[in-house]
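Heads up: the sequence shown at position 25 corresponds to 25 in my numbering, and the numbers run straight through without jumps. Just so you know, even glycine gets a beta-carbon here, dropped at the ideal spot from N, CA and C. Bear in mind that the values here come from a model prediction, so they are computed numbers and not experimental data. Taking it in order: structure first as C-alpha cells, then the write-up.
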Amino acid sequence: SRGGPTAIWNLVALCKHHHRVKHDAGWTLTMTPDGHCTWTDPHHRHYATHPINHHELAA
C-alpha cells in the first residue's frame, strides 16, 4: 500500500516471512527498475538483494 502503484514493473515475489517483514513497522523495501531490492531495517541498516535471471537458468 505504501510501495507505489500496483503495476507489473512494481511487483516482487516474497516468501511468507519476508511479506510479513515488509509490513512490519520500521522496515522498507525499495526496488530499482532492473529488479534489485534493498531492505532497510528499523535501525537504518541496508540489505541488498540481487535478482536471479530465471531465463538464463533455463538455458
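Residue range of the alpha helix (DSSP H) that includes residue i
{"i": "HIS44", "result": "Note, HIS44: premise wrong, no alpha helix (DSSP H); not H, not E."}
{"i": "HIS17", "result": "16-23"}
Simplified DSSP state of residue i, which is helix, strand or coil
{"i": "TRP9", "result": "helix"}
Residues bridged to residue i [DSSP beta-bridge criterion]
{"i": "TRP39", "result": "LEU29 and TYR47"}
Cβ separation of residue i and residue j, assumed to be a contact under 8 Å, to the nearest whole Å
{"i": "LEU11", "j": "LYS22", "result": "The pair is not a contact, with the Cβ atoms about 12 Å apart (cut-off 8 Å)."}
{"i": "TRP27", "j": "TRP39", "result": "7 Å"}
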